[in-house]
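Okay, so here's the structure we're looking at.
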RNA sequence: GUCCCCAUCGUCUAGAGGCCUAGGACACCUCCCUUUCACGGAGGAUACAGGAGUUCGAAUCUCCUUGGGGACGCCA
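Residue numbers (my numbering): 8 to 488.
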């Protein structure tokens, strides 16, 4: 029987979760759930300069928002480790990496490197000028481990570098790309442990994946060439290689890697713009993977049951905000009204829109019934609910044209007088119909000339939902401005 | 520069040699519904990067070219 599937998502905490990272997390999560395996969250915070505790919290919050849950790693609430393969933060695993590095040194597979950046840079330039690859060569005389320790004790610092000696092709059977062949002379000696004692990505990634018994590694394509170094390390340690799958990139419209220049790129950006996590989830699922059944809108259950690595797409995907908007509107509409209201409310509040009548569930139900097909994002709710907020009423620019119609003043005059005859706080749909008929007769105006001025009087703009639906949603006092 | 990856409508994609006069989705256009805006319904336009091969037959296999991306960090 095959070993239980164990996959991980290993972000470096340097800001909000990027949509590309979110997709990697989603794929790993779905793969684990599909196979009844485990999904592990590991924090790759070995870059002391850029990693922050705050970023880690942000990333965890974003993963939670997306509804991705992990079985091992920092507890989403307490941040304390869950699972028995911890610690799950690389900054807390230094001793493990050091022990591994020393193992390599003892075997002569790695060495202490006292060379300075300047020296290495010089050597690199020389290599290039000689038409050779710009890679770090093994020094002519390697400092013996014993001497190195003395020098370090005396205050010098050294990196630990892996010594590439094998001259052969490494063959990777990538789950996304098929067979990929790396000639070992592609790379020079590479750093495992920095001179400050922190390990580098390629090193801790191997140690952790092996020790955490990771079976499958799905990660972005940028790591494809890194895999050669990692394969060398797996070999050196005698650890079994996991299965790798290198995912294509998500690009911006200009076909460049998605970055800040492209506007929204983090999950948090999309949350703030009023996108539902379900929609963002579903959308990123489909850029880089396709359903074997050709489905587009998929529930989490369907995603899990259909998710296999055969459906990964090797070519990069351009992020299409327009399609995301469509998907978001589909999810918006599918939400039960009380849930939709719960999610809409904060956005209305943020926009300063107060709706006294919203305390009435029936009112909310009616209003959402009208507006939900017009909203693309929760943020849009503000535009639609705005005319219903008494204090925010404004006559829009485009409405002036309607008011300038010769019939408009007749209609409005009649509307006002008919309205004053009506008793009660609100008009029902039937009452409005009757009232509109009366205006029609009194003013002698019909069609567009009739209802557009009324609409402007009611919501401040010539276009919008049907009046007979809109009017019952408003108190009589605000039907005429 | 060296090495690696990628290449089907504007975009996401289906397609694993004949089922392809290339299918779906978003967007776009037209019409229908509608006293506006939307929703909904019915249609439409639009793609195999180029060139050589292999084959009776190629979007699918091979090679080359071109284009895009990545790695070559004591970033991840």
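Glycine included, each C-beta is placed from N, C-alpha and C at the ideal position.
Return the residue from the list the options that minimises the CA-CA distance to residue i.
| i | options | result |
| --- | --- | --- |
| residue 288 | 70, 117 and 39 | 70 |
| residue 297 | 363, 223 and 183 | 183 |
| residue 409 | 457, 372 and 17 | 457 |
| residue 338 | 304, 371 and 359 | 304 |
| residue 211 | 37, 85, 486 and 97 | 97 |
| residue 142 | 384, 128, 30 and 155 | 128 |
| residue 124 | 171, 73 and 198 | 198 |
| residue 140 | 90, 195, 150 and 189 | 195 |
| residue 112 | 220, 474, 424 and 240 | 240 |
| residue 44 | 284, 368, 11 and 156 | 11 |
| residue 498 | 131, 159, 121 and 67 | Outside the displayed range of the chain (8 to 488) lies residue 498, so it cannot be described from this structure. |
| residue 7 | 130, 216, 171 and 159 | The requested residue 7 does not occur in the structure, where the chain is confined to residues 8 to 488. |
| residue 391 | 402, 370, 355 and 406 | 355 |
| residue 56 | 32, 22, 75 and 82 | 22 |
| residue 86 | 75, 68 and 421 | 68 |
| residue 179 | 153, 233, 156 and 173 | 233 |
| residue 461 | 407, 431 and 358 | 407 |
| residue 369 | 359, 360 and 348 | 348 |
| residue 308 | 262, 430, 75 and 418 | 75 |
| residue 413 | 90, 253, 28 and 451 | 451 |
| residue 253 | 486, 101, 181 and 444 | 181 |
| residue 316 | 225, 13, 131 and 66 | 225 |
What is the rounded straight-line gap between the Cα of residue i and the Cα of residue j?
| i | j | result |
| --- | --- | --- |
| residue 435 | residue 482 | 11 Å |
| residue 416 | residue 362 | 29 Å |
| residue 274 | residue 61 | 16 Å |
| residue 25 | residue 294 | 14 Å |
| residue 376 | residue 344 | 8 Å |
| residue 365 | residue 469 | 24 Å |
| residue 59 | residue 162 | 28 Å |
| residue 20 | residue 64 | 8 Å |
| residue 276 | residue 320 | 26 Å |
| residue 79 | residue 42 | 16 Å |
| residue 379 | residue 82 | 36 Å |
| residue 342 | residue 106 | 53 Å |
| residue 346 | residue 318 | 33 Å |
| residue 272 | residue 133 | 40 Å |
| residue 411 | residue 459 | 12 Å |
| residue 437 | residue 358 | 33 Å |
| residue 374 | residue 286 | 22 Å |
| residue 135 | residue 218 | 38 Å |
| residue 454 | residue 419 | 14 Å |
| residue 246 | residue 353 | 51 Å |
| residue 193 | residue 35 | 29 Å |
| residue 84 | residue 299 | 36 Å |
Can you give me the Cβ contacts of residue i inside the same chain, cut-off strictly under 7 Å, excluding the 5 residues immediately before and after it?
| i | result |
| --- | --- |
| residue 40 | 311 |
| residue 387 | 281 |
| residue 314 | 37, 38 and 41 |
| residue 145 | 170 and 196 |
| residue 243 | 111 and 116 |
| residue 383 | 332, 335 and 336 |
| residue 381 | 391 |
| residue 360 | 389, 392, 393, 396 and 399 |
| residue 237 | 209, 212 and 213 |
Cutting at 8 Å between CB atoms, please list the residues of its own chain near residue i, excluding the five before and the five after it.
| i | result |
| --- | --- |
| residue 433 | 479, 481, 482 and 483 |
| residue 425 | 442, 445, 446 and 449 |
Compute the distance between the beta-carbons of residue i and residue j, then report whether it is under 8 Å.
| i | j | result |
| --- | --- | --- |
| residue 251 | residue 227 | no |
| residue 291 | residue 15 | no |
| residue 385 | residue 350 | yes |
| residue 328 | residue 283 | no |
| residue 77 | residue 48 | yes |
| residue 402 | residue 446 | no |
| residue 258 | residue 267 | no |
| residue 223 | residue 249 | yes |
| residue 160 | residue 119 | no |
| residue 260 | residue 325 | yes |
| residue 206 | residue 104 | yes |
| residue 449 | residue 421 | yes |
| residue 73 | residue 108 | no |
| residue 174 | residue 151 | no |
Spatial neighbours of residue i within its chain, please: C-beta separation below 6 Å, excluding the five flanking residues on both sides.
| i | result |
| --- | --- |
| residue 189 | 177 and 235 |
| residue 394 | 466 and 467 |
| residue 476 | 377 |
| residue 323 | 255, 256 and 258 |
Original post:
Can you find at least 3 beta carbon pairs, one from the segment 161-181 and one from the segment 196-206, that sit closer than 8 Å?
Top reply: yes
Original post:
Counting pairs of beta carbons, one from the segment 97-107 and one from the segment 44-61, are three or more of them closer than 8 Å?
Top reply: yes
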